[in-house]
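S.K.: All letters in the sequence shown, in the order written, are residues 28 to 212 by the numbering used here. Using N, Cα and C, we set each Cβ at its ideal position, and we do this for glycine too. Note that the structure is predicted; figures quoted are calculated from it, not measured.
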Amino acid sequence: MGWTRKMTKHFLVDPKAEIVNTKLPLFTDNLLGDDSRKDITNALEKEMTKYGGIGLSANQIGLPFRMFVMGGHPQIEEGKVRQCWNPEILEASEEMVELKEGCLTFPFLFLPIVRPKWVKVKYENDDKESVEEYLHDMSARVFQHEYDHMEGIVFTSLVSKEKLKYYEKKRRKTIKNATRNKSRT
Numbered sequence: 028m029g030w031t032r033k034m035t036k037h038f039l040v041d042p043k044a045e046i047v048n049t050k051l052p053l054f055t056d057n058l059l060g061d062d063s064r065k066d067i068t069n070a071l072e073k074e075m076t077k078y079g080g081i082g083l084s085a086n087q088i089g090l091p092f093r094m095f096v097m098g099g100h101p102q103i104e105e106g107k108v109r110q111c112w113n114p115e116i117l118e119a120s121e122e123m124v125e126l127k128e129g130c131l132t133f134p135f136l137f138l139p140i141v142r143p144k145w146v147k148v149k150y151e152n153d154d155k156e157s158v159e160e161y162l163h164d165m166s167a168r169v170f171q172h173e174y175d176h177m178e179g180i181v182f183t184s185l186v187s188k189e190k191l192k193y194y195e196k197k198r199r200k201t202i203k204n205a206t207r208n209k210s211r212t
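1. Determine contact between the stretch 157–164 and the stretch 68–76, defined as no fewer than three beta-carbon pairs at a distance below 8 angstroms.
2. Is the number of C-beta pairs between the stretch 133–142 and the stretch 100–113 that are closer than 8 angstroms three or more?
3. Taking C-alpha atoms, which residue in Leu131, Gly79 and Asp153 lies nearest to Pro42?
4. Using alpha carbons as the reference points, say which of Lys127, Glu121 and Ser157 lies closest to Lys144.
5. Excluding the 5 residues preceding and the 5 following Pro91 in the sequence, name in chain order all residues of the same chain whose CB lies nearer than 7 angstroms to its CB.
6. Using three-state DSSP, classify Gly129 as helix, strand or coil.
7. Taking 8 angstroms as the cut-off, does the stretch 172–186 touch the stretch 79–95 (at least 3 CB pairs, one atom from each stretch)?
8. Note down the Cα distance separating Thr49 from Leu191, rounded to an integer number of angstroms.
9. In its own chain, which residues sit with a C-beta less than 6 angstroms from the C-beta of Leu117, not counting the 5 before and 5 after it?
What follows is the structure, given as structure tokens:
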């Protein structure tokens, strides 16, 4: 049976859900049913925009597809959006960069993650064309983050337990302050 729009949760699934923590198999178009790749990417782009993200993988909204969308921010590659089906990382720089990352699966949690500065990647687009390119800086980081989702890796597993505990405390404080400020308006 293929995917149907009714199967899409259209909200972010629980971070502990099996689909978020499991390596996804290669995608094949027979999983789509009556819909197209574009239907899936449109749904993902809509959700990514709704939540203010710059990347969203299908498994984050409950779809067992090895694909993600990334981009859309005007200050990153002029807002270019990529649809990445069956993504691969072919090569990565030895130069590593630490930056704070967020994840729509963990709202308001920002962790310092070390990743290669650039990556050479390969994926299929919505038109089933194979794309191979080098990504640098923020685009490389987003691709790697979303690729991790395909591998069943969540970004909380990329930092020490001590760091995670510290940043989760900051997250709770941020949420508490936001809730308090919202109730005053």
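M.R.: Reading off the structure:
1. no
2. no
3. Position 15 of the sequence shown, counting from 1, holds the residue named residue 42. When each option's Cα is compared against that of Pro42, the closest is Leu131.
4. Your numbering for residue 144 matches position 117 in the sequence shown. Nearest C-alpha to Lys144: Glu121.
5. By one-based count along the sequence shown, residue 91 stands at place 64. Contacts found: Ile46 and Leu51.
6. For this step, residue 129 is matched to residue 102 along the sequence shown. Strand, per DSSP.
7. yes
8. Here residue 49 refers to the residue found at position 22 when the sequence shown is read from its first residue. Here residue 191 refers to the residue found at position 164 when the sequence shown is read from its first residue. Cα to Cα, the separation comes out at about 21 angstroms.
9. Looking up residue 117 in the sequence shown gives position 90. So the qualifying residues of the chain are Lys147 and Lys149.
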